[in-house]
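What follows is a set of notes on a single structure, which appears directly below.
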Amino acid sequence: MKLKPVQRAVAIAIGLSAVTLQAGAATPAGTSITNQASATYLDSTLTARTATSNTVVTVVQQVASVTVSAGTSKTGSASGQVVFAHTITNNGNGADSFTLSTTNSGAFMMANVVFYADNDGNGVADNATAITTTGTLQPGAKMNVVAVATLPAGVGNGATNNLVVNATSTFNTANTASATDVTTVAPVSALDITANSAGAGAPGAGPGVEASAVATNTTAAGTPTRFTLVLNNSGTGTDTFNLSASTDPTFGNVSLPSGWTVTFKDAGGATITSASVASGASTVVYAEVNVPAGATPSTVDLYFRALSPTTNVGDRIHDAVIVTAPAGAELSVTKTQALDANCDGVADTAFSNAQITAGAVPGACIRYEITATNNGANAVSAVGITDTIPANTTYHVASASTVASATQGLVVAPGAGQTGVVSAAVGILLPNASAKMSFGVRINP
Amino acid sequence: MMIPTSLQTYKRILVILTACVLQFASAFVFAADNNVNVALKAYKVVGDKLVPTAEALPGDTIEYQVTYRNGGTTPARDVLATLPVPDGGMHYLADSAAPAKVQASLDGKQFAAVPLTRTVVRNGKQLTETVPVAEYRFLRWQLGELAPGRSVTVTSRMRLDGASKQ
Numbered sequence: 001m002k003l004k005p006v007q008r009a010v011a012i013a014i015g016l017s018a019v020t021l022q023a024g025a026a027t028p029a030g031t032s033i034t035n036q037a038s039a040t041y042l043d044s045t046l047t048a049r050t051a052t053s054n055t056v057v058t059v060v061q062q063v064a065s066v067t068v069s070a071g072t073s074k075t076g077s078a079s080g081q082v083v084f085a086h087t088i089t090n091n092g093n094g095a096d097s098f099t100l101s102t103t104n105s106g107a108f109m110m111a112n113v114v115f116y117a118d119n120d121g122n123g124v125a126d127n128a129t130a131i132t133t134t135g136t137l138q139p140g141a142k143m144n145v146v147a148v149a150t151l152p153a154g155v156g157n158g159a160t161n162n163l164v165v166n167a168t169s170t171f172n173t174a175n176t177a178s179a180t181d182v183t184t185v186a187p188v189s190a191l192d193i194t195a196n197s198a199g200a201g202a203p204g205a206g207p208g209v210e211a212s213a214v215a216t217n218t219t220a221a222g223t224p225t226r227f228t229l230v231l232n233n234s235g236t237g238t239d240t241f242n243l244s245a246s247t248d249p250t251f252g253n254v255s256l257p258s259g260w261t262v263t264f265k266d267a268g269g270a271t272i273t274s275a276s277v278a279s280g281a282s283t284v285v286y287a288e289v290n291v292p293a294g295a296t297p298s299t300v301d302l303y304f305r306a307l308s309p310t311t312n313v314g315d316r317i318h319d320a321v322i323v324t325a326p327a328g329a330e331l332s333v334t335k336t337q338a339l340d341a342n343c344d345g346v347a348d349t350a351f352s353n354a355q356i357t358a359g360a361v362p363g364a365c366i367r368y369e370i371t372a373t374n375n376g377a378n379a380v381s382a383v384g385i386t387d388t389i390p391a392n393t394t395y396h397v398a399s400a401s402t403v404a405s406a407t408q409g410l411v412v413a414p415g416a417g418q419t420g421v422v423s424a425a426v427g428i429l430l431p432n433a434s435a436k437m438s439f440g441v442r443i444n445p
Numbered sequence: 446m447m448i449p450t451s452l453q454t455y456k457r458i459l460v461i462l463t464a465c466v467l468q469f470a471s472a473f474v475f476a477a478d479n480n481v482n483v484a485l486k487a488y489k490v491v492g493d494k495l496v497p498t499a500e501a502l503p504g505d506t507i508e509y510q511v512t513y514r515n516g517g518t519t520p521a522r523d524v525l526a527t528l529p530v531p532d533g534g535m536h537y538l539a540d541s542a543a544p545a546k547v548q549a550s551l552d553g554k555q556f557a558a559v560p561l562t563r564t565v566v567r568n569g570k571q572l573t574e575t576v577p578v579a580e581y582r583f584l585r586w587q588l589g590e591l592a593p594g595r596s597v598t599v600t601s602r603m604r605l606d607g608a609s610k611q
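Here the protein sequences line up with chains A and B, keeping their order. Per the working numbering, the first sequence runs over residues 1 to 445. Per the working numbering, the second sequence runs over residues 446 to 611.
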C-alpha cells in the first residue's frame, strides 16, 4: 500500500499526456498515445497488491486527406470567362498544403485557367495574385479559392467543357481530391422581338416566329404604314443585329411583293440597317412599309428579322398589312359565268371567268354572277350594279326562284325573253363587304 | 543568524533522507512482496501479421499484448488484469479481447461483463441499451490464481480513429 503515491503519480502522468479530442476528428499527427496495463491480486499473506507494466507509447503519424467542394455548371461565351468557386479542406491529421491544378475534357479546352484566393468566400477573387497552392492548412482548416477559366475564341454554342479541379497533398502527392465544373457555351446575347412594347405580355413575346400576325396594320395602296418593333436583349452582352423584312417566314428567300419597300428607322427617325441592343435592354426600331399605289387590296403577311452577324443570335416577328383600295377606287366588280344547258335556272358548273368552250349551243342557257366589293377603308354608298343582256341572247326566266336577284337591294330586269338592262340598287357597302347580282340568259335558237 | 540556516539545512537533509528511505522501502517492498510482473507490448496489425510498432496512422489497428508473470515463490490469487483503452483516439475493437471472457468499464471503477448495457429514459420510457464499444475505456480479465513461475498473456485490439481517407 505504500506504493500508492507512486501509482497516483503515474496515473496523473497518464492523465496529463491524454489528448482531448473533438469527436470524429482524426488524432493529430505527433500525438503520443500511452498505455500502461496493471494487475491487482492477493499475495500469500492475503495482502492486496498492485503491479503495473511498462508504459507503451504509440506516436500517431500523419496521413494526408483533402476534399474539394462539388463543382457547378455555368454558361460562358466565346473568349469570355467563367468563375468557379471551390473550398479546399484539409481532412488530414497534420498541417499540409495542397497544389491546385486542372484538367480539361469535353468539346473544347479552356484557353487558360488561373486560381485566386477567395478568403471571404464570395465567389470573387480577392486580388489579382494568381496562386498554385493553398499554402499551409492546419488539420480541419479550409481555404476558398476561385478558378477563373477563359473560353477559347470561336467555340460553338452548346459546346461543353468539363474542367476538373484537383487539390493534391504536398505531404503525400498520391492524395488528390477533385471536383468537376461544367461550362456550356451560350451566346452573349439573347434576342426576342416584340410588337409595340417590351415585356413578357407584349405581342410576339417569346423566341421564334409566330404562327399568326401579332400586329396588323391597315393601309390604302400607295400610303405607307409603320410597325413598331421592340428588340429585347436578355443576354449578358451587347450585340448588333442586322434588320430585314420578307414575306417568307424562314427568310430562306428575303423578298417583298412587287413594288413594296421596307425602311427601318431608329427612335430618332434616322434610317438604319442594323440596331445595337445592350445587355438587358430594349431598343425600338420602326419598320416603314411602303405599299405601291397599284397594290391589289389584300392581306399580306410580313416578317421582320433581327440577326447578329457575329453571334448568329436573332429573332423574327410576324406582322401583317391589310391593303385597302385608295379613295375613289374602293369598288371592284367581277363577273363570272356558268353553263345551264337544260335552262332549268341552275348552273351546271361552278362560276368562273373562264371561257365556256362546250355546250353553249343555240337554245342553251348561261348564268351570270356580278359581284361588287368595297376594298376601301371606309363605307361607300349608292352602289348600283348594272349589266346588259348580251347580243344574241334574251333574258331567261326558268322559274320564279331563278329570276334576276341580288344579295342586297332591289333588282330591275327586262321581261322574260326580252333584251335590255339588269340592275341592282345595292346602296351602302361597308369595308370588305360585297354584293352579288345573279341572272340567266338564253342563247337565241 | 546561523540557527535558521542550520535549521533549513537540517530540514532539507531530513527531506532527502526521508525520500531515500521511502524509495529504498519501495524497492524493498517490490522485491519482497510484489511478485507479479506485468509486461505490455504494442503491435501494428498488418494483414494477418503483427509488427512491433511505436507509430500508428489514423485508421490503423494496434494489438496490445500484456503478459502477467508470477516471478515469486507463492501463488498470486484473485488476479485482476486491467488494460486501459488509451486516450488519443483509440477505440476498442469489439470481440478482439482474448481471453474472450472480459469485463469492460467506462470509468475504471465499475466493471461489468461485455457487452456493457445501460439504462436510459427515452420518451418517458426506461430502456436498456447496449453501450457502443467505442465508449469502453478499460478492459479487465479475471485471471484467478497465478501459480509461481506461471505467466498468462491477454490481448486486445484497438483502432486509431481514421482520417477520412480518399
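Don't be surprised by glycine CBs; every beta carbon is placed ideally from N, CA and C. Just so it is clear, the structure is predicted and the values come from calculations on it, not from any experiment.
Here DSSP, grouped into helix, strand and coil, assigns ALA592(B) to coil. Distance check between ASP344(A) and each of ALA425(A), VAL383(A) and PHE439(A) places PHE439(A) closest, using alpha-carbon atoms only. Listed in chain order, the positions of the segment 48-78 of chain A with a beta carbon within less than 7 Å of a beta carbon of chain B are ARG49, ALA51, THR52, SER53, ASN54, VAL56, VAL57, THR58, VAL59, VAL60, GLN61, VAL63 and SER65.
Cβ-Cβ distances below 7 Å link TYR513(B) to VAL481, VAL483, VAL524, ALA526, LEU588, LEU591, SER596 and VAL597 in the same chain, with the five nearest sequence neighbours on each side left out; the list follows chain order. Secondary structure note for ASN162(A): its beta strand (DSSP E) is the uninterrupted segment 160-169. Counted as a single uninterrupted DSSP element, the beta strand (DSSP E) harbouring MET143(A) occupies residues 142-150.
For the alpha helix (DSSP H) assignment, the segment 37-112 of chain A encloses no uninterrupted run of at least 4 residues. Each of VAL412(A), ALA377(A), ALA128(A) and PHE227(A) was checked against the Cα of ARG305(A), and the nearest Cα belongs to PHE227(A). Between LEU191(A) and ALA78(A), the C-beta gap is not smaller than 8 Å, which leaves the two residues out of contact. A distance below 8 Å between beta-carbons, with the five flanking residues on each side excluded, links ASP505(B) to the following residues of its chain, in chain order: LYS489, VAL490, ARG604 and LEU605. Residue pairing by DSSP puts TRP586(B) in a beta bridge opposite ALA526(B).
The straight-line gap separating the alpha-carbon atoms of ARG367(A) and ALA338(A) is approximately 5 Å. Beta-bridge analysis with DSSP links SER258(A) to no other residue. Interface annotation, PRO577(B): not in contact with chain A, CB-CB separation never under 8 Å. Counting only the Cα atoms, LEU584(B) lies some 24 Å from PRO593(B). GLU500(B) has its alpha-carbon roughly 8 Å from the corresponding atom of VAL57(A). Taking 8 Å as the cut-off, the Cβ atoms of LYS436(A) and GLU369(A) count as close.
With respect to chain A, the C-beta atom of ALA557(B) has no partner C-beta closer than 8 Å. Non-local beta-carbon contacts of ARG49(A) in its own chain, meaning distances under 6 Å to residues more than five positions away in sequence, involve TYR41 and ASP43 in chain order. Proximity to ASN290(A) across THR283(A), THR218(A), VAL284(A) and PRO431(A) peaks at THR218(A), based on C-alpha coordinates.
Around the Cβ of LEU231(A), a 10 Å sphere holds 16 or more other Cβ atoms; the residue is buried. Neighbours of LEU485(B) across chain A, judged by C-beta separation under 8 Å: ASN35, GLN36, ALA37, SER53, ASN54, THR55 and VAL56. Within the same chain, and ignoring the five residues on either side of ALA557(B) in sequence, the residues whose Cβ sits closer than 8 Å to its Cβ are GLN548, ALA549 and SER550. A Cβ of chain B is located within less than 8 Å of the beta carbon of ALA26(A). Leaving aside the five residues that flank GLY222(A) on each side, the residues in its chain whose CB is nearer than 7 Å to its CB run, in chain order, VAL291, PRO292, ALA293 and PRO326. Here GLU580(B) carries a helix assignment [DSSP, helix/strand/coil].
The three-state secondary structure of THR247(A), taken from DSSP, is coil. For SER212(A), the secondary structure class from DSSP, reduced to helix, strand or coil, is coil.
In the displayed model, SER401(A) falls within a helix according to three-state DSSP. PRO139(A): not part of any beta strand (DSSP E); DSSP gives it neither H nor E. Residues of chain A whose Cβ lies closer than 7 Å to the Cβ of PRO531(B) are, in chain order, ILE33, THR34 and ASN35. For PHE556(B), the three-state secondary structure derived from DSSP is coil. THR45(A) sits exposed, since fewer than 16 C-beta atoms from the chains shown fall within 10 Å of its C-beta. Chain order gives the chain A residues near ASP606(B) as ALA26 and THR27, where near means a beta carbon separation below 7 Å. Partner residues in the beta bridge of CYS365(A), as assigned by DSSP, are ASP340(A) and ARG442(A). Collapsing the DSSP output to three states places GLY121(A) in coil.
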